[in-house]
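Notes to accompany the following structure.
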Amino acid sequence: MKTQVLKAALMIIITATTLTSFSQSFSGTESQNSNTSLTSNPGYKSMVKPNATLPYPNPAKDAIFLPPGSNPYLVYIYDENGNLIKIIDIRMSDNLGEIDLKELTNGIYFMKIVPEKGDVAVHRFTVLK
161 MKTQVLKAAL
171 MIIITATTLT
181 SFSQSFSGTE
191 SQNSNTSLTS
201 NPGYKSMVKP
211 NATLPYPNPA
221 KDAIFLPPGS
231 NPYLVYIYDE
241 NGNLIKIIDI
251 RMSDNLGEID
261 LKELTNGIYF
271 MKIVPEKGDV
281 AVHRFTVLK
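If you want the numbering used here, it's the position in the sequence shown, counting the first as 1, plus 160.
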């Protein structure tokens, strides 16, 4: 009787285009090639609407601007570790949405925009002095 040893090869290519997490465990003696593309997560609601105007400029130096609107906004600025840096009460008609960044150092920050009416939005921006 002749015994043959089968060697298994496994190649997994995962391409993610949205914020997702994926975990998979394999064991056994079968060989399988699989290409998987993850393009959406049905349980994830986008935090930025497709037609939303983003704060500008990005990267920013001393100030960043929000597009003018009619609703008052509260803006929360967080550092990349999630620490709350400042809260700004933006009255769009008063200052056209200008946010002073002079006291921030170089780095990545997150801006949570909470309008009086409408959806909350979160934007990532960079400060480069």
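Ideal Cβ positions, reconstructed from N, Cα and C, are used throughout, including at glycine.
Treat the numbers as computed from the prediction; the structure is a model and nothing was measured.
Those residues which DSSP pairs with residue i across a bridge
i	result
isoleucine 273	Val235 and Ala281
threonine 265	According to DSSP, which records beta bridges pairwise, threonine 265 is partnered with nothing at all.
Residue from the options whose Cα sits closest to the Cα of residue i
i	options	result
aspartate 260	Pro217, Ile224 and Leu244	Ile224
isoleucine 250	Lys277, Asp239, Val235 and Pro215	Val235
isoleucine 273	Arg284, Asn266, Glu263 and Thr265	Arg284
valine 280	Leu288, Met271 and Glu258	Met271
Whole-angstrom distance between residue j and residue i, CA atom to CA atom
i	j	result
alanine 319	proline 275	What is shown of the chain runs 161 to 289, which leaves residue 319 out entirely.
leucine 226	glutamate 240	20 Å
serine 206	glycine 267	Annotation note: pLDDT 47 at serine 206 (below 50); position unreliable, no value reported.
lysine 277	tyrosine 216	22 Å
tyrosine 238	lysine 289	18 Å
leucine 214	lysine 262	20 Å
tyrosine 264	glycine 257	Checking the sequence shown, residue 264 turns out to be leucine, not tyrosine. If you take the alpha carbons of leucine 264 and glycine 257, they lie about 18 Å apart.
valine 287	glycine 242	16 Å
asparagine 232	isoleucine 248	According to the sequence shown, residue 232 is proline rather than asparagine. For proline 232 and isoleucine 248, the distance between alpha carbons rounds to 11 Å.
lysine 246	tyrosine 269	11 Å
Limits of the beta strand (DSSP E) - the one that residue i falls within
i	result
lysine 221	Lysine 221 -> no beta strand (DSSP E), and no H or E assigned at all.
glutamate 258	258-260
lysine 246	244-250
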